[in-house]
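According to the UniProt record's numbering, the sequence shown is numbered sequentially starting from 1. Cβ coordinates follow ideal geometry from the N, Cα and C atoms, glycine included.
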Amino acid sequence: MGKHSADEARSDDASVPVKTRQVRGPRPGYERSTDEPTRERVREMLSPRVVGIFVACFLLQAAFIASYVGAFHDPKPQGISVAVAGPTTQFATQTAQRLNALPDGPLEATTATSAQDAREQVRTGEVQTAYIVNPQTTQDTLLVATAHGASLASAAQTVLERVDASQQRTLRVEDVVPALPKDGRGLTAFYLVVGWLVGGYLMASLLGIRAGNRSRNFRRALWRLGGAVVYAAASGIAGAAIVDLWFESLTGHFWQIAGLGTLVVLAAGFFTYGAAALFGVVGIGLAILIFVVVGNPSAGGAYSYELLPEPWASVGAWLPNGAGVDAVRSIVYFGGESVGRDLMVLLAWMVLGLVIYFGVAARVYWGMKRDVWGPGDEPAGRHRSGAGAAEESDDADADDRREIGDGDDEVVDQESGSGADSDAQVRERG
């Protein structure tokens, strides 16, 4: 009598009791460790696929550490924009020239026509700081906007305090565009955008793992993109609700922030779709490399671009991370004056992802010409019989499964079900 578990014991007549007994041991499909030779475990752990995963994760981890430490280990001001105003335009011009001549170029000074003009430039975000010099007194004024981030205002203050101290003068600091009371150090925009980006590439990555990096047909590909749009819209609204209605960190611009969040999530999601369709799981790693390893430390969050070394200072504003942070701050604090460039960056990443995605789709669904042979039409040299033919057929089936995607295995199995059993029976009789 065979061994059966309690769940497998059945009776046609429910009124007739059936004796069952419990069987201990691994579930079906598993085995005891002692039943597997040690060499099999060693062979699996040293296989090229497993070793490749370890190496890839190690390199990504090392890149993550190097990128964050490299960006933040020694922040120094580089090219902080400052509008200089004085009693006359000539005096302001001469002061701006002296500031631009400072060692290592911490400031990028321009001339304002008046103190009011300098204040307005800071208020609209045209410049980050303003320096108002009054030679009739011993005190100058620095106008800052902590909405850009407290680190930037602090760095500019440090530089100009040294300049004034060298001339036996003092510096008064005025915050023209302060961060909102619950926007600690102006970092809410950074964490909001990071959350959106994580959701975008994580959604695309997990969907690719579950349903295949390439959809089975073109309409399914369109449905997948449509699902991403719905997900992105929900993410944008949720993020806006959290920072506006719940924590009241960035208030008064709910729908603008929600719309921006939709674009940020789509930029990450569409690019990950395209990279995964083109490179498979390596494409997912590429998205993490761009959005997490490079994008986050260069986004102007903890430290503004002007405090970061190269290449982080240059690439930050051209990645979805930096563009998203700049756009949120522009919408909330500066009347959206500079949001156009940031939206163009996000749209560019969306379009790039879609171009790659549809480029792969064109090749898979319609594109490359391929030979199709009917019965008896095989070209000379390709005909094989016996075990060789079966092996070639199995390889072709495996390639088809990889082309369709992991999520379509169930469909393939259903379509091939009885045929696979029949082939097994034929081989057994042979």
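Report the residue from the options whose alpha carbon sits nearest the alpha carbon of residue i.
{"i": "H73", "options": "Y365, I237, P309", "result": "P309"}
{"i": "G274", "options": "Q121, A147, G353, T262", "result": "G353"}
{"i": "L297", "options": "I53, I65, T20", "result": "Looking at the sequence provided, one finds Pro at residue 297 rather than Leu. Nearest option by C-alpha distance: I65."}
{"i": "R302", "options": "F190, F291, S330", "result": "For the record, residue 302 in the displayed sequence is Ala; it is not Arg. Comparing Cα positions, the closest option is F190."}
{"i": "T170", "options": "Q136, A179, V193", "result": "Q136"}
{"i": "T138", "options": "E126, A147, Q121, V163", "result": "V163"}
{"i": "P320", "options": "W196, A232, W366", "result": "W196"}
{"i": "A101", "options": "R210, V122, A323, G79", "result": "G79"}
{"i": "G335", "options": "R363, E120, G208", "result": "E120"}
{"i": "V69", "options": "W312, A179, A130", "result": "W312"}
{"i": "V339", "options": "V293, V292, G259", "result": "G259"}
{"i": "S330", "options": "L250, V351, G359", "result": "L250"}
{"i": "N213", "options": "A276, Y201, W246", "result": "A276"}
{"i": "G280", "options": "V127, S215, G149", "result": "S215"}
{"i": "S114", "options": "D104, A85, T95, V122", "result": "A85"}
{"i": "V282", "options": "A317, T20, I53", "result": "I53"}
{"i": "T111", "options": "A211, D104, V127", "result": "V127"}
{"i": "P178", "options": "I237, T129, V229", "result": "T129"}
{"i": "L207", "options": "Y231, R39, Q94, V193", "result": "Y231"}
{"i": "D104", "options": "T89, Q94, P75, T95", "result": "P75"}
{"i": "G295", "options": "A109, Y201, T20, T38", "result": "Y201"}
Buried or exposed for residue i, please, with buried defined as at least 16 other CB atoms from any protein chain shown within 10 angstroms of its CB.
{"i": "D244", "result": "buried"}
{"i": "P28", "result": "exposed"}
{"i": "N217", "result": "exposed"}
{"i": "P62", "result": "It should be noted that the sequence gives Ala, not Pro, for residue 62. That one is exposed."}
{"i": "Q168", "result": "exposed"}
{"i": "S166", "result": "exposed"}
{"i": "E31", "result": "exposed"}
{"i": "V184", "result": "Inspection of the sequence shows that residue 184 is occupied by Gly rather than by Val. Answer is exposed; the Cβ neighbour count stays below 16."}
{"i": "P77", "result": "buried"}
{"i": "residue 436", "result": "Outside the shown range of the chain (1 to 430) lies residue 436, about which nothing can therefore be said."}
{"i": "A83", "result": "buried"}
{"i": "E306", "result": "buried"}
{"i": "S235", "result": "buried"}
{"i": "S67", "result": "buried"}
{"i": "S33", "result": "exposed"}
{"i": "G405", "result": "Summary for G405: the model assigns pLDDT 43, below 50, so the residue's position carries little reliability; its value from the coordinates is reported in the next sentence. Classification of G405: buried, given that the 10 Å Cβ count is 16 or more."}
{"i": "V55", "result": "exposed"}
{"i": "G25", "result": "exposed"}
For residue i and residue j, I'd like the C-alpha separation in whole angstroms.
{"i": "A155", "j": "G199", "result": "33 Å"}
{"i": "F254", "j": "G261", "result": "11 Å"}
{"i": "P181", "j": "I242", "result": "16 Å"}
{"i": "A92", "j": "Q157", "result": "19 Å"}
{"i": "D342", "j": "I257", "result": "13 Å"}
{"i": "residue 440", "j": "D326", "result": "There is no way to answer for residue 440, as the model of the chain reaches only from 1 to 430."}
{"i": "G125", "j": "V355", "result": "34 Å"}
{"i": "Y357", "j": "S314", "result": "28 Å"}
{"i": "L278", "j": "S151", "result": "40 Å"}
{"i": "G45", "j": "W349", "result": "The sequence given here places Met at residue 45; Gly does not occur at that position. Distance between the alpha carbons of M45 and W349 is about 38 Å."}
{"i": "L187", "j": "A147", "result": "9 Å"}
{"i": "E248", "j": "R98", "result": "42 Å"}
{"i": "P57", "j": "I284", "result": "Reading the sequence as shown, one finds Cys at residue 57 and not Pro. One C-alpha to the other measures close to 12 Å."}
{"i": "D140", "j": "Q116", "result": "15 Å"}
{"i": "D35", "j": "Q22", "result": "21 Å"}
{"i": "L286", "j": "I132", "result": "47 Å"}
{"i": "L346", "j": "R172", "result": "39 Å"}
{"i": "V290", "j": "S47", "result": "Note that residue 290 is Ile in the sequence shown, not Val. Each residue's alpha carbon lies about 28 Å from the other."}
{"i": "N134", "j": "Y333", "result": "28 Å"}
{"i": "E161", "j": "L107", "result": "13 Å"}
{"i": "D175", "j": "R219", "result": "54 Å"}
{"i": "L60", "j": "S205", "result": "16 Å"}
{"i": "A233", "j": "A362", "result": "27 Å"}
{"i": "W246", "j": "G239", "result": "10 Å"}
{"i": "A71", "j": "G322", "result": "14 Å"}
{"i": "R43", "j": "M344", "result": "50 Å"}
{"i": "G316", "j": "P87", "result": "37 Å"}
{"i": "D122", "j": "V265", "result": "In the sequence as presented, Asp is not what sits at residue 122; that position holds Val. Near 30 Å, if we compare the C-alpha coordinates of V265 and V122."}
{"i": "V50", "j": "G252", "result": "51 Å"}
{"i": "A221", "j": "V364", "result": "11 Å"}
{"i": "S81", "j": "A299", "result": "18 Å"}
{"i": "V194", "j": "G149", "result": "16 Å"}
{"i": "Q90", "j": "A153", "result": "26 Å"}
For residue i, verify whether its CB is less than 7 Å away from any heavy atom of the ligand GTP.
{"i": "M203", "result": "The model depicted lacks the ligand GTP and carries no ligand whatsoever."}
Using a Cβ cut-off of 8 Å (strictly closer), state whether residue i contacts chain B.
{"i": "L266", "result": "The question asks about chain B, but that chain is absent: this structure has only one protein chain."}
My parser needs the beta strand (DSSP E) runs of 3 or more residues fully inside the region 300–354; what are they? none
Fully enclosed by the region 157–190, which beta strand (DSSP E) runs are 3 residues long or longer? 170–175
Enumerate, from N- to C-terminal direction, the unbroken beta strand (DSSP E) stretches of 3 or more residues contained entirely within the region 89–138. 107–111, 129–132
Give the list of continuous beta strand (DSSP E) stretches no shorter than 3 residues that lie fully inside the region 203–277. none
Stretch pair the region 220–232 + the region 261–270: three plus CB contacts closer than 8 Å: yes
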